Structure formats: structure tokens, C-alpha cells
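Report on one structure; see the data block that follows.
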Amino acid sequence: MNKPQSFFHLHLISDATGETLLAAGRAASAQYKDARAIEHIYPLIRTEKQVAKVFEDIEEEPGIILYTVVDQKLARGIDERCATMGLPCVSVLEPVLTVFQSYLGTPAGRRVGAQHVLDAEYFRRIDALNFTMEHDDGQLPANMDDADIVLIGISRTSKTPTSIYLANRGIKTANIPIVLGVPVPESLVNAKVPLIVGLIATAERISHVRQNRILGNSSDYEPGDYVDRAAITEELAYARQICTRHGWPMIDVSRRSIEETAAAIVALRGKTR
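Going by the numbering used here, the first residue of the sequence shown is number 203, and it counts up by one from there.
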């Protein structure tokens with residue numbers, strides 16, 4: 203018999219965007235299937251006045267506190283307030299900085315938001331995002347050799363969100379839909395530069411996702427065939443034939459998150475370089 207789900211408050215205090223904290227907090231929360239975190243995110247907290255305001259909120263809804271604050275005076279203030287209130291508190295970044303300092307023999311620079319500087323890497327990611335948006339869903343198929351990765355697959359195999367996730371890591375990613383009976387573009391077949399990966403899933407998974415999609419004015423599929431498992435199985439067989447014919451690797455996304463799919467693609471890219 204399943205236990206009733208409980209809830210707890212998770213307060214995330216960051217002097218930057220809070221992305222690191224959010225990822226860490228969710229990774230830990232995911233290990234507790236019977237407890238759900240109610241997230242409170244406080245980004246860009248850089249003054250004692252801001253910290254005081256945060257703790258006014260925490261007093262109303264106490265819970266676990268995670269923080270990434272590089273200013274040591276502010277960090278001590280957070281620790282002291284948590285100790286006074288008897289609440290668990292963890293500096294997510296500090297143990298990592300300690301290891302880096304021990305290994306490198308140099309203290310950290312303690313720069314707020316250092317990972318978000320507008321450097322060449324940042325602009326490379328922006329360039330990749332622009333490219334990916336311009337080459338979504340088969341747009342501009344003529345210049346496939348400008349891509350780092352091209353994702354292909356039938357409708358609802360997570361091509362677009364995976365492409366955007368990869369682009370956010372600085373990887374120029376195009377995606378092209380596979381439609382039953384329609385050949386893939388010659389520019390893709392002749393491409394020499396990009397890693398081409400086919401995304402597949404079970405017919406059951408795709409049917410379920412399609413049933414929850416608002417079809418709108420789509421003219422590519424009749425609604426009945428669009429969610430029919432037999433029709434989807436035929437589409438998948440066609441996609442597999444194309445990938446097998448050209449020697450393109452395939453990844454089954456049925457039970458993968460976008461992040462896991464992207465990680466598998468990056469691993470493939472490393473092997474083919």
C-alpha cells in the first residue's frame with residue numbers, strides 16, 4: 203500500500219540565478235518519492251537587507267535551507283539565522299570550493315555570478331540557440347553541414363526540446379521530422395560534418411504524448427492515424443529503416459528525460475570525433 207505523500211518547504215537562496223541550487227535541490231528531492239518539495243527560490247540575494255527579508259518568509263514556512271552565497275559574511279549570517287531557528291542549512295558551493303582550494307593551492311576568487319560572465323563561451327551558446335531555433339522542425343535544410351548535431355525522428359519524439367537543451371550547451375543542433383513515405387532531404391544524406399541521430403520511442407509512449415497534444419490545424423496527419431498505435435508502429439519502422447540504411451545511430455527516448463537523452467547524444471558525439 204502506497205504511503206500518503208507528504209510535503210515540505212525547500213528554501214533556495216542564491217546570489218546569482220539559483221540554477222545550481224535548483225538542480226541540486228531537485229536531485230536530492232527526487233530520492234524521496236513520498237515527500238514533495240514546495241520550492242521557494244530567492245535569486246540575486248547579495249545584501250544583509252535582502253537576507254533579512256528572505257528569513258521573514260522562512261519564518262512563516264520553515265523547512266530546509268540550501269544556499270550558494272560566495273560572500274563569506276553573508277554566508278555566516280545565513281548559518282547563524284538557521285542555527286537560531288533550529289533549521290537545517292547547507293552551503294551547496296562551499297564544500298566544492300574547499301576541494302578546489304585544497305587541490306589547486308589557491309583560494310577562490312569569490313566572484314558573484316562568475317559562471318554567467320559575457321565571455322566567448324556565453325556568446326557561443328547564444329549563437330547555437332539562434333541556429334537551433336532557425337533550424338527547428340526541418341527549417342533551412344540546405345545548410346546541414348553548419349550543424350554540430352542533427353536530430354531526426356517522427357512526431358513527438360522530443361526533437362525540439364532536446365535540440366534546445368543541446369543548444370544551451372553551445373551545440374548547434376538542427377532537427378528534421380520523419381514523415382512516413384517522405385524521403386529525408388538530400389542535404390542531410392550528403393552532410394559530412396554533423397552527428398546525425400535518430401530519436402525513437404515505443405508506439406505506446408508516442409500515442410500517449412500525441413493524445414495530450416492540441417492538434418490545432420495540423421495537416422500532416424489525420425487525427426485518427428496520428429494517435430493510432432498501428433500507424434505509429436509503421437512510422438517508427440520507416441524511421442528505423444532510414445537510420446539503418448545510412449548508418450545513423452538511434453536513441454530510444456521512451457523512458458529518458460530530455461537531459462538523459464542529451465547526455466546520451468553528447469556521449470555518442472565524443473565517440474565519433
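Note that beta-carbon positions come from the ideal geometry of N, C-alpha and C, so glycine has one too.
Bear in mind that the values here come from a model prediction, so they are computed numbers and not experimental data.
Suppose you measure from the CA of Thr463 to the CA of Phe325; what does that come to, to the nearest Å? When the Cα atoms are used, Thr463 and Phe325 turn out to be separated by approximately 24 Å.
Spell out the partners DSSP gives Val399 in its beta bridges. Checking the DSSP bridge columns, you'll see Val399 partnered with Leu353.
Is there contact between the segment 441 to 455 and the segment 394 to 406, where contact requires at least three CB pairs shorter than 8 Å? Here the segment 441 to 455 lies against the segment 394 to 406, with 3 or more beta-carbon pairs under 8 Å apart.
CA nearest to the CA of Thr219, picked from Leu382, Ala376, Pro245: Looking at the Cα atoms, Pro245 is the closest of the given residues.
Start and end residues, beta strand (DSSP E) containing Ile215: It spans 208 to 216 - the beta strand (DSSP E) in which Ile215 sits, taken as one unbroken run.
Express the C-alpha separation of Gly449 and Gly472 in angstroms, rounding to a whole number. Approximately 17 Å, taken between the alpha carbons.
Taking just the CA atoms, how far does Ile266 sit from Pro206? Distance between the alpha carbons of Pro206 and Ile266 is about 21 Å.
Which runs of the beta strand (DSSP E) spanning at least 3 residues fall entirely within the segment 360 to 414, listed in chain order? For the segment 360 to 414, whole beta strand (DSSP E) runs of length 3 or above, ordered along the chain, are 375 to 379, 397 to 402.
Compute the Euclidean distance between the alpha carbons of Tyr234 and Pro297, then round it to the nearest angstrom. Their Cα atoms are separated by approximately 23 Å.
Return the Cβ separation of Ile260 and Tyr269 in integer angstroms, given the expectation that the two are a contact with Cβ distance under 8 Å. Contact annotation, Ile260 with Tyr269: C-beta distance approximately 11 Å; criterion of less than 8 Å not satisfied.
Backbone secondary structure at Ile416 - three-state DSSP: Interpretation of Ile416 is limited by its pLDDT of 49, a score under 50 that renders its predicted location unreliable; the figure taken from the coordinates is listed afterwards. In the structure shown, Ile416 sits in coil (DSSP, three-state: anything other than H, G, I, E or B).
Residues sharing a beta bridge with Met490, DSSP: In the structure as shown, the chain begins at 203 and stops at 475. Residue 490 is therefore absent and cannot be evaluated.
Label Val384 either buried or exposed according to how many other C-beta atoms from any shown protein chain fall within 10 Å of its C-beta, with 16 as the threshold for buried. So Val384 ends up on the exposed side.
Cβ pair Tyr428, Leu382 closer than 8 Å: Contact flag unset, no.
Is Lys235 close to chain C, meaning its C-beta is less than 8 Å from at least one C-beta of that chain? No chain C appears in this structure, which consists of one protein chain only.
Chain-order list of residues whose beta-carbon lies under 6 Å from that of Val468 (same chain, five-residue window excluded): Same-chain partners within the cutoff: there are none.
My guess is that Gly376 and Ala330 are in contact by the Cβ rule of under 8 Å, so how many angstroms apart are they, rounded? Strictly speaking, residue 376 in this sequence is Ala, with Gly absent from that position. Incorrect: roughly 11 Å between the Cβ atoms, too far for contact.
Return the CA-CA distance between Pro309 and Phe302, expressed in angstroms with no decimal places. Taking the straight line joining both Cα atoms gives about 8 Å.
How far does the beta strand (DSSP E) with Thr270 in it extend, from its first residue to its last? Its beta strand (DSSP E) spans residues 266 to 270.
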